[in-house]
Each structure stands twice: as C-alpha cells, then as structure tokens.
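> Encoded as structure tokens, here's the structure I'll be asking about.
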Amino acid sequence: EVQLVETGGGLVRPGSSLKLSCATSGFTFSNTWMNWVRQAPGKGLEWVALIKDKYSNYEANYAESVKGRFTISRDDSKSRVYLQMNTLRDQDTATYYCTCSSYMRYYFDYWGQGVMVTVSS
Amino acid sequence: DVQMTQSPSNLAASPGESVSINCKASKSISKYLAWYQQKPGKANKLLIYSGSTLQSGTPSRFSGSGSGTDFTLTIRNLEPEDFGLYYCQQHNEYPWTFGGGTKLELK
Numbered sequence: 004e005v006q007l008v009e010t011g012g013g014l015v016r017p018g019s020s021l022k023l024s025c026a027t028s029g030f031t032f033s034n035t036w037m038n039w040v041r042q043a044p045g046k047g048l049e050w051v052a053l054i055k056d057k058y059s060n061y062e063a064n065y066a067e068s069v070k071g072r073f074t075i076s077r078d079d080s081k082s083r084v085y086l087q088m089n090t091l092r093d094q095d096t097a098t099y100y101c102t103c104s105s106y107m108r109y110y111f112d113y114w115g116q117g118v119m120v121t122v123s124s
Numbered sequence: 045d046v047q048m049t050q051s052p053s054n055l056a057a058s059p060g061e062s063v064s065i066n067c068k069a070s071k072s073i074s075k076y077l078a079w080y081q082q083k084p085g086k087a088n089k090l091l092i093y094s095g096s097t098l099q100s101g102t103p104s105r106f107s108g109s110g111s112g113t114d115f116t117l118t119i120r121n122l123e124p125e126d127f128g129l130y131y132c133q134q135h136n137e138y139p140w141t142f143g144g145g146t147k148l149e150l151k
C-alpha cells in the first residue's frame with residue numbers, strides 16, 4: 004500500500020522559514036518523481052514543486068510564486084522528500100500535500116493527507 | 045500559464061443519476077488532462093489521466109472525454125461515495141495547473 008505522510012507544518016511569522024518532510028512507503032521511491040501541491044483555505048489546488056529522479060539528474064521545477072524562496076529535495080536512502088520554505092508570506096498559508104508521479108508523468112498518482120502551514124503575525 | 049476553468053462550481057444530484065463536469069483550458073493541452081476526487085479526511089484520489097484513461101481502481105461508472113481545450117468528466121449511476129469535490133488538472137505543460145473545482149452534493 005502506498006503511503007505518504009507529511010510532517011513539519013505549524014504556525015510561523017512572515018519572513019520566517021519552515022521545512023516540511025514527507026515519509027513514503029509502498030513503492031520504489033528512487034525512480035519516482037515527487038511533488039508538493041498546496042491548497043489555501045477554501046481555495047483550489049496549486050502545484051508548488053517537482054523533483055525528478057536520479058536518472059533525470061534530480062531536476063527540480065517550481066511554481067513562479069515560490070521560485071527563489073522554496074527548495075525541494077529528496078533522500079532516496081530514506082524514501083523522503085522535503086520542502087524548505089524560506090521568507091514565508093501570508094499567501095503561503097495552505098495545506099501542503101506530498102504527491103508522487105510515475106516516471107515522466109506530470110499528474111499525481113498518490114497524495115498524502117496534507118500538513119497545514121499557517122503564516123501569520 | 046494554462047488557465048483551467050471548471051463548470052459548474054456546484055452540482056446537486058441524487059444517487060443513481062448521471063452527472064457531467066466540464067473543464068476548459070485556455071489553450072490546447074492535447075489529451076493531457078487529469079481528474080481528481082477530494083473528500084474530507086481522505087487523501088485526494090487520481091481518477092483519470094490523459095483525458096480518458098482510468099487510473100487503476102477507478103470504478104467504470106467514471107469516464108473522461110475530450111481533447112484540445114474542452115473536457116468532460118461523467119459519472120453514471122451515482123453512488124453515495126461519489127459526493128465530494130472534483131478537480132481537473134492539465135499535465136501537458138509547465139506549470140501544471142488545476143481547475144477551480146466542482147462540488148458535487150447530495151440533492
């Protein structure tokens with residue numbers, strides 16, 4: 004059974020940093036592309052970041068809204084993916100979902116339950 | 045960016061009925077559209093990708109159609125577990141974008 008479990012959310016002040024983690028199991032992590040997708044309260048879904056696998060040189064892509072502030076990374080030895088979020092803004096308040104994509108596919112096969120990040124003074 | 049517009053925003057139906065949800069892209073995305081179901085307390089579920097290909101485990105009462113800019117998700121013979129939020133997503137080009145969602149409610 005595929006499992007994706009996000010941790011690391013919380014309440015932070017604008018301008019601060021937070022690092023999300025996603026622990027995975029039930030699939031071959033090393034050749035799976037991993038993403039973060041977020042959803043602001045009462046709003047729709049927004050893709051945030053993608054990290055490809057080692058065969059794609061761990062290439063990362065970001066939404067313009069987070070480029071330069073967020074960094075996605077992965078540890079294949081631990082089957083984990085991370086999202087380092089710096090210079091957080093009120094607009095980053097959302098539930099952040101860890102998702103996986105099959106190789107060279109840009110849709111999201113499986114999702115975690117999500118972790119809430121609240122940015123507020 | 046490709047803008048995705050879903051309609052209707054809200055839809056009320058009864059078990060046993062059939063419903064359709066539409067998704068329109070601001071430019072051609074070929075066949076590369078996915079549909080997801082979102083329900084409270086559950087992980088989002090991929091239903092359909094590439095316009096009409098059912099993800100493993102998706103019941104056959106779900107079907108997807110369309111290409112280019114116009115797509116439709118049809119659910120036939122609604123079951124009680126089908127009520128929830130539905131989102132479309134284009135997977136043709138970066139950045140991958142979602143529609144605003146359709147809430148399917150019990151009539």
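Listed in order, the protein sequences are those of chains A and B. Numbered by the numbering used here, the letters in the first sequence go through residues 4 to 124 in order. Numbered by the numbering used here, the letters in the second sequence go through residues 45 to 151 in order. Glycine included, each C-beta is placed from N, C-alpha and C at the ideal position. Note that the structure is predicted; figures quoted are calculated from it, not measured.
1. First and last residue of the beta strand (DSSP E) that includes A:ARG41?
2. Using a cut-off of 7 Å between C-beta atoms, extract the partners of A:TYR61 located in chain B.
3. Tell me, to the nearest whole angstrom, how far the beta carbon of B:GLY145 is from that of A:GLY47; I am working on the premise that it is less than 8 Å.
4. With distance defined between alpha-carbon atoms, name the residue in B:GLN82, B:ARG105, B:PHE142 nearest to B:PRO59.
5. Please confirm if the segment 78-85 of chain A is in contact with the segment 106-118 of chain A, defined as three or more CB-CB distances below 8 Å between the two stretches.
6. Among B:GLN50, B:GLN81, B:PRO124, B:GLN133, which residue has its Cα nearest to the Cα of B:ILE73?
7. Whole beta strand (DSSP E) runs in the segment 65-127 of chain B with 3 or more residues, listed along the chain?
8. Please classify A:SER33: is it buried, with 16 or more other beta-carbons within 10 angstroms of its beta-carbon, or exposed?
9. For the candidate residues A:TRP36, A:THR31, A:THR98, whose alpha-carbon lies nearest to that of B:PRO84?
10. Within a Cβ cutoff of 7 Å, which residues of the same chain sit near B:LEU90, ignoring the five residues on either side of it in sequence?
11. Return the first residue and the last residue of the beta strand (DSSP E) that B:MET48 is part of.
12. Please name the residue, chosen from B:GLU125, B:PRO124, B:ALA87, B:TYR131, that lies closest to B:GLY108 on a Cα-to-Cα basis.
13. Name the two residues that bound the continuous beta strand (DSSP E) containing A:LEU14.
14. Please classify A:PHE32: does DSSP put it in a helix, a strand, or coil?
15. Which value, in whole angstroms, describes the spacing of the CA atoms of A:VAL118 and A:THR10?
16. Output needed for B:SER94: all residues of its chain with C-beta closer than 7 Å, excluding positions within five of it in sequence on either side, in chain order.
17. Take A:THR121 as the anchor and find which of A:GLY13, A:TRP36, A:ASN64, A:GLU4 has the nearest alpha-carbon.
18. Here's a check: name, in chain order, each residue in its chain whose Cβ is nearer than 8 Å to the Cβ of A:THR102, leaving out the five neighbours to either side.
19. Near A:PRO17, which residues of its chain fall below 8 Å by C-beta distance, leaving aside the five closest residues on each side in sequence?
20. Using only the alpha-carbon positions, how far apart do A:THR27 and B:ALA56 sit?
21. Grouping DSSP H, G and I as helix and E and B as strand, with all else coil, what is A:TYR109?
22. Please identify the residue among B:GLN50, B:SER70, B:LYS71 whose C-alpha is closest to the C-alpha of B:SER64.
With the structure as the only source:
1. First-last of the beta strand (DSSP E) with A:ARG41: 36-42.
2. Result: empty, since nearest Cβ-Cβ is about 17 Å, beyond 7 Å.
3. A:GLY47 and B:GLY145 do touch by the CB rule: their CB atoms are close to 5 Å apart, below 8 Å.
4. Here the closest residue by C-alpha is B:ARG105.
5. They do not touch, by the three-pair rule.
6. Ranking the options by Cα distance to B:ILE73, first place goes to B:GLN133.
7. Runs found: 77-82, 89-93, 106-111, 114-119.
8. A:SER33 counts as exposed, since fewer than 16 other C-beta atoms from the protein chains shown sit within 10 angstroms of its C-beta.
9. Residue A:THR98 is the option with its Cα nearest to B:PRO84.
10. Here the set comprises ALA78, TYR80, GLN99.
11. Unbroken beta strand (DSSP E) run through B:MET48: 48-51.
12. Among B:GLU125, B:PRO124, B:ALA87, B:TYR131, the Cα nearest to that of B:GLY108 belongs to B:TYR131.
13. Going by DSSP, A:LEU14 is part of the beta strand (DSSP E) stretching over 13-15.
14. Helix at A:PHE32.
15. A direct Cα-Cα distance of roughly 6 Å separates A:VAL118 from A:THR10.
16. For B:SER94, same chain residues with a beta-carbon under 7 Å away, outside a window of 5 residues either side, are LYS75, TYR76 in chain order.
17. Looking at the Cα atoms, A:GLY13 is the closest of the given residues.
18. Taken in chain order, the residues that qualify are LEU7, MET37, ASN38, TRP39, VAL40, PHE111, ASP112, TYR113, TRP114, GLY115.
19. Excluding sequence neighbours, A:PRO17 sits near LEU91, ARG92, ASP93, VAL122, SER123, SER124.
20. Inter-residue distance for A:THR27 and B:ALA56 is about 36 Å (C-alpha atoms, whole angstroms).
21. Of the three classes helix, strand and coil, the one that applies to A:TYR109 here is coil, per DSSP.
22. When each option's Cα is compared against that of B:SER64, the closest is B:GLN50.
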